[in-house]
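Numbers in the working numbering are just positions in the sequence shown, counted from 1, shifted up by 410. The block underneath contains the structure these notes are about, expressed in structure tokens.
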Amino acid sequence: MRFRTLGVPMLAAALLVLPALSSAGQKAKKELLPNGTVKSVTASALVVTAKDKDVTFAVDSKTRVVGKGIGTKSKAAAGKPTIVDLVKAGDRVTVTYQTMGSTMQASRIEVSSAK
Numbered sequence: 411m412r413f414r415t416l417g418v419p420m421l422a423a424a425l426l427v428l429p430a431l432s433s434a435g436q437k438a439k440k441e442l443l444p445n446g447t448v449k450s451v452t453a454s455a456l457v458v459t460a461k462d463k464d465v466t467f468a469v470d471s472k473t474r475v476v477g478k479g480i481g482t483k484s485k486a487a488a489g490k491p492t493i494v495d496l497v498k499a500g501d502r503v504t505v506t507y508q509t510m511g512s513t514m515q516a517s518r519i520e521v522s523s524a525k
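Right, dumping it as structure tokens:
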């Protein structure tokens, strides 16, 4: 009887704590902002308008840019283009990003139609 008295509360506590521990070690979930229009771009930020809202993404050297004509632009920039060389205001884009604290970090930008 003593096992049941201690076992049930211990089991209940373990069931409450385990999900919190497992989610703490997970990677940030990738999210998607489809069909936006680039409002502005700098070496460290991309502002996209989607559904009448401006959304700002942090970008860095790990941010991949893909789409038609990106290879040609890369060659024109001697193979080391920056995001400013590849993405322009008015371009239609889909952004894959991760929320890290209060920052949305773009990991992939797909240019679907260039201006």
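For glycine and all other residues, C-beta sits at the position ideal for the given N, C-alpha and C. These numbers were taken from a predicted model, which means no experiment stands behind them.
Query, Result
"Alanine 453 versus Ala488, Lys439, Asp495 and Gly500, residue with shortest Cα-Cα distance", "Asp495"
"Backbone secondary structure at aspartate 464 - three-state DSSP", "strand"
"N- and C-terminal bounds of the alpha helix (DSSP H) containing alanine 487", "From DSSP, alanine 487 is part of no alpha helix (DSSP H); its letter is neither H nor E."
"Nearest-angstrom beta carbon gap, leucine 442 and threonine 504 [assumed within contact, 8 Å]", "7 Å"
"Chain-order list of residues whose beta-carbon lies under 8 Å from that of alanine 455 (same chain, five-residue window excluded)", "Thr466, Phe467, Ala468 and Val469"
"Where glycine 511 sits in the DSSP three-state scheme", "coil"
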